[in-house]
Amino acid sequence: TESNYDLVIDGVGVNFSGFQAVSNFSMVVKQGEMRVLLGANGAGKTTLMDMICGKTESTEGRIFIGDTEITNKPPHTIARMGVGRKFQIPSVFKKLTVRQNLSVAAMKNTSVFANLGSLKRCIHLDKLEETLELINLTRRADELAGNLSHGETQWLELGLLVILNPKIILLDEPTAGMTADETLKTSRIVNDLKGRHTIVAVEHDMAFVREIADKITVMHQGKFLAEGRIGDIEKSQAVKDAYLGSG
Ligand code: ATP
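Per the UniProt record's numbering, the sequence shown runs over residues 2 to 248.
Listed below in structure tokens is the structure:
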């Protein structure tokens, strides 16, 4: 069947021993779309991302990539089915170069079902160079990862994901701790990823959100509150009351 990268979330919820952190939440992110999740602290954004990648089991509802259900599968299975998540905490090998880090990540893809054909494809040099370009690190390719700035480290993390060709990319506050210049470069990277991947990001920096988001979904107290383009969201009285006006 044709690959379909839509992310379909249908009425999911999670109950942590009596506390309903997310309830009856639905959203559809179309293939190639860049969606930002907004919500005050405790709104349930991280818990939702955790459910998508299998880190937290949902207690209600279902999640699909296209027609393929991924609800409550183990994280490694969901990863193999095409969901990549970038956390804020780096996982790069500091004593390897940028290029070596990317090569290692590319080989992860085949560590279980390796055969020569796919291995060759995975460490294809074009893909490596293309990824270096995309994450803005071509000139730093032979630098040790341990010598990168905070922003550069975050881009390398993104590269480690992208080189595996995920259908869905989940980003946890991708600009946290970045300088204005790094934030700007990150918006270019995310805009380059659009179309090729379906992306969901939790992000608070509204200037950055304006640069990257196709659409925004707002959560409030574990529930769906609103969805739309940034202009609609900023005009929404419900959103102002629940979130934008509160901070
Ligand atoms: P933030 O912007 O602060 O990260 P968030 O929107 O990501 O907020 P979550 O981290 O998803 O919110 O938390 C939603 C609610 O669920 C919070 O009240 C949190 O305390 C609670 N919660 C999260 N994980 C657990 C857990 N493992 N056990 C119990 N409660 C939890």
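Here a beta-carbon is modelled for each residue, glycine too, at the ideal position from N, C-alpha and C.
Name the two residues that bound the continuous beta strand (DSSP E) containing Gln-21. 20-30
When you compare only the Cα positions, how much space is there between Lys-180 and Gly-14? The identity of residue 180 in the sequence shown is Thr, whereas the question assumes Lys. Rounded to the nearest whole angstrom, the CA to CA distance from Thr-180 to Gly-14 is 36 angstroms.
Mind checking whether Leu-165 and Lys-109 have CB atoms under 9 angstroms apart? yes
CB Ala-146 to CB Lys-95, shorter than 9 angstroms? yes
For the ligand ATP, residues whose Cβ lies under 6 angstroms from any non-hydrogen atom: The filter returns Phe-17, Phe-20, Ala-22, Gly-40, Asn-42, Gly-43, Ala-44, Gly-45, Lys-46, Thr-47, Thr-48, in chain order.
Starting from Leu-38, follow its DSSP beta bridges and name the residues at the other end. Val-203, Thr-218
My guess is that Gly-40 and Met-220 are in contact by the Cβ rule of under 8 angstroms, so how many angstroms apart are they, rounded? 4 angstroms
Applying the criterion that 16 or more other CB atoms from any shown protein chain within 10 Å of the CB defines a buried residue, is Lys-58 buried or exposed? It should be noted that the sequence gives Glu, not Lys, for residue 58. Under this definition Glu-58 is an exposed residue.
I believe Ala-243 touches Ile-231 by the beta-carbon criterion, under 8 angstroms. Please report the beta-carbon distance rounded to the nearest angstrom. Rounded, the Cβ-Cβ distance is 16 angstroms, inconsistent with contact.
Beta carbon of Ile-200, beta carbon of Ile-53: below 9 angstroms? no
Looking at the unbroken beta strand (DSSP E) that takes in Glu-61, where does it start and where does it end? 61-66
In its own chain, which residues sit with a C-beta less than 6 angstroms from the C-beta of Glu-235, not counting the 5 before and 5 after it? So no residue of the chain qualifies.
So does the stretch 4-12 actually touch the stretch 188-207, counting three or more Cβ pairs closer than 8 angstroms? yes
Could you tell me the alpha carbon to alpha carbon distance between residue 264 and Ser-237, rounded to whole angstroms? In the structure displayed, the chain extends from 2 to 248; residue 264 sits before or after that span and is not available.
Assign Ala-142 to one of three DSSP states: helix, strand, or coil. Correct three-state label for Ala-142: coil.
Quick check on Arg-100: buried or exposed, where buried means 16 or more other Cβ atoms within 10 Å of its Cβ? buried
Is the beta carbon of Leu-171 closer than 9 angstroms to that of Gly-55? no
If we call anything under 9 angstroms between Cβ atoms a contact, is Ala-107 one with Leu-129? With respect to Leu-129, Ala-107 sits close: the two C-beta atoms are nearer than 9 angstroms.
Do you know whose CA, among Asp-206, Val-30, Ala-22, Val-23, lies nearest Gly-196's CA? Residue nearest to Gly-196 within the set Asp-206, Val-30, Ala-22, Val-23 is Val-30 (criterion: CA-CA distance).
Heavy atom of the ligand NAD less than 8 angstroms from the Cβ of Gln-32, yes or no? As presented, the structure is devoid of the ligand NAD, carrying the ligand ATP as its sole ligands.
With DSSP collapsed to three states, give me the class of Asn-102. helix
Quick one: Cα of Trp-156 to Cα of Asp-143, how far? 15 angstroms
What first and last residue would you give for the alpha helix (DSSP H) that runs through Asp-127? 126-135
Start and end residues, beta strand (DSSP E) containing Ile-90: Looking at the DSSP string, Ile-90 is not in any beta strand (DSSP E), and its letter there is neither H nor E.
Does DSSP put Glu-212 in a helix, in a strand, or in coil? DSSP places Glu-212 in helix when its eight states are reduced to three.
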